[in-house]
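Residue 62 in the working numbering sits at position 62 of the sequence shown; the count goes up by one each step and never skips. A virtual CB, placed ideally from N, CA and C, is assigned to each residue, including glycine. Reviewing the structure listed below.
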Amino acid sequence: MANKLLSLWYSKPFPPNFNPFFDVPPRFLGILQTRDFPSLLFTSDAWTAPSIEALGRAGDKTKVFRNISMYPAMKRCLDEIEAGEKQLNDLRTDICKVLKLINFKYVTVAGQKYLIEVPNSNLRLVPTDWLKISSTKQVSRFRSPQIIKLCNQIDQQKELMIGHAADAWFAFLNDFGTPFL
Numbered sequence: 001m002a003n004k005l006l007s008l009w010y011s012k013p014f015p016p017n018f019n020p021f022f023d024v025p026p027r028f029l030g031i032l033q034t035r036d037f038p039s040l041l042f043t044s045d046a047w048t049a050p051s052i053e054a055l056g057r058a059g060d061k062t063k064v065f066r067n068i069s070m071y072p073a074m075k076r077c078l079d080e081i082e083a084g085e086k087q088l089n090d091l092r093t094d095i096c097k098v099l100k101l102i103n104f105k106y107v108t109v110a111g112q113k114y115l116i117e118v119p120n121s122n123l124r125l126v127p128t129d130w131l132k133i134s135s136t137k138q139v140s141r142f143r144s145p146q147i148i149k150l151c152n153q154i155d156q157q158k159e160l161m162i163g164h165a166a167d168a169w170f171a172f173l174n175d176f177g178t179p180f181l
């Protein structure tokens, strides 16, 4: 355990490498508490700040923290992403009117989200300002100018969030390592 703590402090691990600290069996925690290890290891704040599942699986720093209210820059980005996704969802009714559909769902193809899939028999209903992304024998996929704009905004906020998440991760590691100084 001591070697793991030293490697944590000196190497500043990425989220997946931090996961073994959360897998410490409870019987060892009792032993460590009796040996005067820093109390930070046993406080609820240290163990609940990161999401154990995200640490062990993805290594995605944007999904590591359960409560991002301590990191206002991340919260702001997340709010902007959610607002953009809500606007995209609200555009569905306008798209239904344009294409004369009762219901409509965006499709994702080859990693491209928010595509409007139109059967080739209904291409005459598609406005000329929509950008054609791809097509098959049966359907063509488009994005309207509003969707392009919102997707760009969402992508920009996701990139900003990655940077803010990295900053938050290093702040967490510094806070975690402070008692060991």
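Helix, strand or coil at Pro119 according to DSSP, with G and I counted as helix:
strand
Alpha carbon of Phe170 to alpha carbon of Ile81, nearest angstrom:
23 Å
Taking only heavy atoms of the ligand COA into account, decide whether any of them is closer than 8 Å to the Cβ of Leu101.
Judged by which ligands are present, the structure shown has none, so any question about the ligand COA falls away.
Determine the DSSP secondary structure at Phe170, reduced to helix, strand or coil.
helix
Shortest alpha-carbon distance to Leu123 belongs to which of Arg141, Ala73, Arg76?
Arg141
Of all the options Val118, Gly111, Asp90, which has the alpha carbon lying nearest to the alpha carbon of Leu101?
Val118
Cβ contact check for the stretch 81-93 and the stretch 144-154: 3 or more pairs under 8 Å
yes
Check Arg66 in the structure and name its three-state DSSP category.
coil
Pick out the complete beta strand (DSSP E) segments inside the stretch 84-165, 3 residues or longer, and give them in chain order.
107-109, 112-119, 131-135, 139-143
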